[in-house]
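Participant: First the structure, which I've put down as structure tokens, then a few questions once you've had a look.
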Amino acid sequence: MCGIVGLYLKNDKYQDRLGELFAPMLIAMTERGPDSAGFAVYGDEVDQGVKLTLRNEDENYDWAALAKDIEAKLNTKVDWFQNSKVAVFKVDIDAETVENYLMENHQDVLIMSSGKSIEILKEVGLPERIVNLFHLENMKGSHIIGHTRMATESAVTMAGSHPFSTGMDLCLVHNGSLSNHNRLRQELKREGIDFETENDSEVAAGYLTYRLQQGDSLNEALEHALDDLDGFFTFTIGTKDGFAVVRDPIACKPAVIAETDDYVAMASEYQALTTLPGIENAKVWEPEPSKVYVWERTTH
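Residue numbers for the sequence shown follow the working numbering, beginning at 21 and rising by one.
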């Protein structure tokens, strides 16, 4: 049993309050997932280059030295800030160049996410601890998805917590379990998709990355997922411009969606939505089995 929450803003009205609105939603899912929690926030987009979320287990890690090293060795500009064990680096060159350099020269630094907009923050512990640790209530942005975990398929570790990101600006959170993830993992590895854990949910994220690389839209990728992923799942997915929800054909994992003129919100349980502004006038429904729900901004 895990908890999923997501909040997608349809306009700019609440962008300065995104974290403030989302924090109680994540905390409301504590009973469904007390082991660990995490979230992916989209905002503060870079025009040039890439934005990376990096992590080191040492809270006193010298991020300034890493930034200077990247600037010197890759002849580029780096802006960065630290948030607990994590730092967000904005680098003025392509993602592949930076990622390869880090993997070859700084193996103690974990790349949590890469893209134009995404930042991923997750940790072991109660959701309220994670909210406070990363100062979620101060965060701004366009959309955010989160997860509280009760481990069933693997150990309680930060690496095993959600969201999982396997491609540029893509992330996924999952309630359920997949029965064919081992076979799919091997197939996807042959197609060049990399995995950091043995978690079945990371395979689902990797599958979507692969489908998007093949030219699928987010909607098409999820339609293919319904055919190719076996098991029980409620997924919420984030991309740079989009937000999606889909449930498996049996739909035994709960989900509820609420929509107003200003936002779309989803959660495993309605109680997580009750603190949102205007929720009393929202259109509220339970997403249907095997139906893909996607909201996307115009790509720019």
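C-beta atoms are modelled at their ideal positions from N, C-alpha and C, and glycine is treated no differently.
Can you tell me the Cβ-Cβ gap for residue 88 and residue 100, rounded? I've got them flagged as a contact below 8 angstroms.
Facilitator: With 8 angstroms as the limit, residue 88 and residue 100 do not qualify as a contact, their Cβ atoms being about 10 angstroms apart.
Participant: If you drop the 5 nearest sequence neighbours on each side, which residues of the same chain put their C-beta closer than 6 angstroms to that of residue 20?
Facilitator: Lying before the first or after the last residue shown, residue 20 is absent from the chain, which here runs from 21 to 320.
Participant: I think residue 162 touches residue 35, with their Cβ atoms under 8 angstroms apart; what is that distance to the nearest whole Å?
Facilitator: With a Cβ gap of about 6 angstroms, residue 162 and residue 35 count as contacting.
Participant: For the stretch 128 to 169, which segments carrying the beta strand (DSSP E) assignment without a break, of at least 3 residues, lie completely within its bounds, in sequence order?
Facilitator: Listed in chain order, the complete beta strand (DSSP E) runs (minimum 3 residues) inside the stretch 128 to 169 are 130 to 135, 138 to 144, 163 to 169.
Participant: Could you check what DSSP says for residue 102 in three-state terms: helix, strand or coil?
Facilitator: Three-state result, residue 102: strand.
Participant: For the stretch 234 to 249 and the stretch 172 to 189, state whether three or more C-beta atom pairs, one from each stretch, are separated by less than 8 angstroms.
Facilitator: Taking 8 angstroms as the limit for Cβ pairs, the verdict is that the stretch 172 to 189 does not touch the stretch 234 to 249.
Participant: Please confirm whether residue 139 and residue 217 have their CB atoms less than 8 angstroms apart.
Facilitator: The answer is no: Cβ separation not under 8 angstroms.
Participant: Excluding the 5 residues preceding and the 5 following residue 270 in the sequence, name in chain order all residues of the same chain whose CB lies nearer than 8 angstroms to its CB.
Facilitator: Excluding positions up to five away in sequence, the list reads 252, 309.
Participant: With a threshold of 16 other CB atoms inside 10 Å of the CB of residue 212, please say whether the residue is buried or exposed.
Facilitator: With fewer than 16 Cβ atoms within 10 Å of its Cβ, residue 212 is classed as exposed.
Participant: If you follow the beta strand (DSSP E) that residue 303 is in, where does it begin and where does it stop?
Facilitator: Where residue 303 is concerned, the enclosing beta strand (DSSP E) stretches over 303 to 305.
Participant: Under three-state DSSP, which class holds residue 33?
Facilitator: Residue 33 falls in the coil class under three-state DSSP.
Participant: Start and end of the alpha helix (DSSP H) containing residue 47?
Facilitator: Segment 38 to 47, the alpha helix (DSSP H) holding residue 47.
Participant: According to DSSP, is residue 223 helix, strand or coil?
Facilitator: In this structure, residue 223 counts as helix in the three-state DSSP scheme.
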